[in-house]
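The number in this note's numbering is simply the position in the sequence shown, starting from 1, with 58 added. C-beta atoms are modelled at their ideal positions from N, C-alpha and C, and glycine is treated no differently. These notes concern the structure reproduced below.
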Amino acid sequence: MSKLRLRHAAPALLVAVFLLALTACGTEYPNSTFNRHTDFNTSIDALWDRLLFWGTIVFVFVEAALVVTLIKYRKRAGGPEAKQIHGNAALEITWTAIPAVILVLIAVPTVKTIFETQAPAPAGALKVEVIGHQWWWEFHYPELGITTANELYLPVGRTASFELKTKDVLHSFWIPQMGGKRDLITNKSNFMWFTPNADLQSSVWNGFCTEYCGTSHANMKIRLYTVQPDEFASWAAHQAKPAVYPAAEPATPATPATPAIPAARGAQPTPAPVEDVGYMFPTADLPDHVIPKTPTPAGLTYDDALLAQGDPTAGQLGFMIGGCIGCHAINGLPGAVSTIGPDLTHIASRHTIAAGLFPNDGPHLARWIKNARLMKPGILMNTIGRGQYDPLLKITQEAGLDDKQIADVVAYLQKLK
Ligand code: CUA
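Structure representation (structure tokens):
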């Protein structure tokens with residue numbers, strides 16, 4: 059009874075599995091590797107198509123021969139005894155020769171593609187150093203004097219040549235729609251290059267760490283912005299500049315916070331000119347797949363109303379006394395030179411924080427400063443919020459910044475466009 063039912067269900071099941079498999083070939087998925095946007099993944103995909111083509115022919119032929127043989131020559135009651143033979147030279151030569159020819163058809167383009175993609179990057183390529191950290195990405199453009207984190211800008215139509223390194227354990231750099239992936243190995247540089255297609259619209263892509271590297275491996279993401287050459291030039295020119303706050307005068311960290319602020323504000327005779335902050339990929343144009351939707355931990359509360367009262371001048375001081383300066387560099391803030399954590403020089407020009415885990419806005423930034431280890435397990439960043447329980451050290455932070463002081467630091471960081 060159940061056997062009969064199974065026999066009836068089998069074709070339907072086969073069709074369902076086939077349809078399910080077909081959905082994997084869709085190209086509208088933002089993290090699909092089947093969309094070709096660079097020379098690199100175009101050549102790799104061409105290879106994959108060729109393998110699929112020959113593989114399909116071999117599969118269909120072999121399976122058909124198998125099924126026909128099984129049915130036609132099955133044992134029947136009272137049937138004749140099978141003819142006994144000893145080898146067939148012609149057949150054996152044929153079934154050795156055909157696979158050999160197919161292997162040559164696969165091997166030649168494979169070797170050619172390996173040499174193409176492993177060759178040194180073409181002259182004029184944009185150099186980018188990629189440095190993996192637990193659990194974030196450092197991007198350094200040595201020719202442009204830019205250091206940034208987690209968000210990478212590349213101009214379309216120009217080859218980007220990556221030197222891949224790691225500060226700690228093994229990581230792997232992968233932006234599915236651009237091709238890759240390649241490991242970041244301790245004490246060794248790996249290289250990779252690709253050219254975003256010149257006809258690409260300015261767009262944003264997801265990237266990932268694809269080598270298990272510890273607790274927050276899954277929270278080590280990349281945003282790649284492929285932009286037009288003039289947009290890239292504008293972005294790069296601004297990113298290379300120091301971020302000085304207040305913009306008009308050099309930072310004076312020794313200024314006592316509270317009494318000086320009204321005076322300093324009152325002293326400004328004319329409204330400051332609109333600052334040129336360079337190109338930034340427009341927030342309104344961000345595709346949905348790059349906007350982080352990670353929920354914040356329920357136990358981590360913060361009064362968002364305080365953010366409206368944030369004072370950037372006090373925040374700059376808080377950045378220094380709160381310990382931020384021990385790990386983060388800000389080009390333009392004297393003494394902020396540490397390279398332990400991400401460079402924050404132009405942090406306000408990024409769309410995300412915490413290696414793509416949260417949107418870069420006041421509420422998320424405040425919670426992040428207050429208790430980063432609660433938002434991203436295992437990380438190096440200290441718990442800064444006064445009275446917060448540090449889930450890694452398993453102690454309560456007795457010193458640190460209160461919520462108003464955190465609002466000040468947020469206000470300061472948001473000035474660093
Ligand atoms: Cu870095 Cu996984």
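| query | Given that a residue counts as buried once 16 or more other Cβ atoms are within 10 Å of its Cβ, and exposed if not, what is Lys130? | reply | As a first step, residue 130 is located in the sequence shown; it is residue number 72 there, counting from the start. Here Lys130 is exposed, its C-beta having fewer than 16 other C-beta atoms within 10 Å.
| task | Provide the residue span of the alpha helix (DSSP H) that contains Arg431, from first to last. | result | Counting from 1 along the sequence shown, the entry for residue 431 is found at position 373. From DSSP, the alpha helix (DSSP H) with Arg431 extends over Gly420 to Met433.
| My guess is that Asp362 and Pro421 are in contact by the Cβ rule of under 8 Å, so how many angstroms apart are they, rounded? | Indexing the sequence shown from 1 puts residue 362 at position 304. Indexing the sequence shown from 1 puts residue 421 at position 363. About 5 Å; that satisfies the 8 Å criterion.
| message | Please tell me whether Gly390 and Pro304 are closer than 7 Å, where the distance is taken between their beta carbons. | response | Taking the sequence shown and counting its residues from 1, the one referred to as residue 390 is at position 332. Taking the sequence shown and counting its residues from 1, the one referred to as residue 304 is at position 246. Annotated as distal: Gly390 and Pro304, with beta-carbon spacing of 7 Å or more.
| message | Let me confirm a value: Arg323 is counted as buried when at least 16 other C-beta atoms fall within 10 Å, else exposed. Which label applies? | response | Here the question's residue 323 lines up with position 265 in the sequence shown. Confidence in Arg323 is poor, its pLDDT being 48 and thus under 50, which makes the residue's placement too unreliable to answer from.
| Whole-angstrom distance between Arg425 and Thr310, CA atom to CA atom | For this step, residue 310 is matched to residue 252 along the sequence shown. For this step, residue 425 is matched to residue 367 along the sequence shown. Bear in mind that the predicted position of Thr310 carries a pLDDT of just 49, short of 50, making it unreliable; the figure below should be weighed with that in mind. Per the coordinates, the alpha-carbon of Thr310 lies some 27 Å from the alpha-carbon of Arg425.
| request: Between the Cα of Val116 and those of Pro157, Asn93 and Asp97, spot the shortest distance and give me the residue it belongs to. | output: Position 58 of the sequence shown holds residue 116. Between Val116 and the set Pro157, Asn93 and Asp97, the nearest pair of CA atoms involves Pro157.
| request: Using 10 angstroms around the beta-carbon of Gln367, count the other beta-carbons present and answer buried if the total reaches 16, otherwise exposed. | output: To locate residue 367, count along the sequence shown from 1; it is residue 309. For Gln367, the number of other beta carbons within 10 angstroms of its own is below 16, and it is reported as exposed.
| field | Cβ-heavy atom distance, Met250 to ligand 1, below 6 Å | value | Here the question's residue 250 lines up with position 192 in the sequence shown. Incorrect: Met250 has no Cβ contact closer than 6 Å to ligand 1.
| field | Residue interval of the alpha helix (DSSP H) (run including Ala294) | value | Residue numbering aside, residue 294 sits at position 236 when the sequence shown is read from its first letter. DSSP places Ala294 in the uninterrupted alpha helix (DSSP H) bounded by Pro287 to Gln297.
| message | Give the residues whose C-beta lies closer than 6 Å to at least one heavy atom of ligand 2, in chain order. | response | Ligand 2 is not part of this structure, which contains only ligand 1.
| said: Could you tell me the alpha carbon to alpha carbon distance between Lys351 and Phe266, rounded to whole angstroms? | reply: Counted from its first residue, the sequence shown places residue 351 at position 293. Counted from its first residue, the sequence shown places residue 266 at position 208. Our two residues, Lys351 and Phe266, have alpha carbons roughly 16 Å apart in a direct line.
| request: Check Gly182 in the structure and name its three-state DSSP category. | output: Start at 1 with the first residue of the sequence shown, and residue 182 comes out as number 124. In the three-state reduction of the DSSP assignment, Gly182 falls in the coil class, being assigned neither a helical nor a strand state.
| Just checking, does the region 186-194 make contact with the region 218-229 on the three C-beta pairs under 8 Å criterion? | Segments in contact, yes.
| query | What separation, rounded to the nearest whole angstrom, lies between the Cα atoms of Asn146 and Val159? | reply | To locate residue 146, count along the sequence shown from 1; it is residue 88. To locate residue 159, count along the sequence shown from 1; it is residue 101. A direct Cα-Cα distance of roughly 20 Å separates Asn146 from Val159.
| With C-beta atoms as the reference, is Asn440 less than 7 Å away from Pro234? | Taking the sequence shown and counting its residues from 1, the one referred to as residue 440 is at position 382. Taking the sequence shown and counting its residues from 1, the one referred to as residue 234 is at position 176. Not a contact, by the Cβ cut-off of 7 Å.
| field | For Val221, the first and last residue of its enclosing beta strand (DSSP E) | value | For the purposes of this step, residue 221 is taken as residue 163 along the sequence shown, with counting starting at 1. Per the sequence shown, residue 221 should be read as Glu rather than Val. Secondary structure note for Glu221: its beta strand (DSSP E) is the uninterrupted segment Ala218 to Thr224.
| Continuous alpha helix (DSSP H) stretch holding Asp466: start and end | For the purposes of this step, residue 466 is taken as residue 408 along the sequence shown, with counting starting at 1. DSSP places Asp466 in the uninterrupted alpha helix (DSSP H) bounded by Asp461 to Leu471.
| said: If contact is defined by three or more beta carbon pairs under 8 Å, each pair taking one atom from either stretch, is the region 265-280 in contact with the region 408-417? | reply: Under the three-pair Cβ rule at 8 Å, the region 408-417 counts as touching the region 265-280.
| query | Roughly how many whole angstroms lie between the Cα atoms of Met442 and Pro417? | reply | Sequence index remark: in the sequence shown, residue 442 carries index 384 (1-based). Sequence index remark: in the sequence shown, residue 417 carries index 359 (1-based). Reading the sequence as shown, one finds Ile at residue 442 and not Met. Going by the C-alpha atoms only, they are around 20 Å apart.
| task | Can you tell me which of the three DSSP states Ile437 falls into? | result | Position 379 of the sequence shown, counted from the start, is the residue given in the question as residue 437. Taken through DSSP and simplified to helix, strand or coil, Ile437 comes out as coil.
| Who are Trp194's beta bridge partners in DSSP? | Stepping through the sequence shown from its first residue, residue 194 is reached at position 136. His191.
| 8 Å contact criterion, which Ala207 and Pro400 should meet: CB distance rounded | Locating residue 207 in the sequence shown gives position 149, counting from the first residue. Locating residue 400 in the sequence shown gives position 342, counting from the first residue. The Cβ separation is near 3 Å, so the contact holds.
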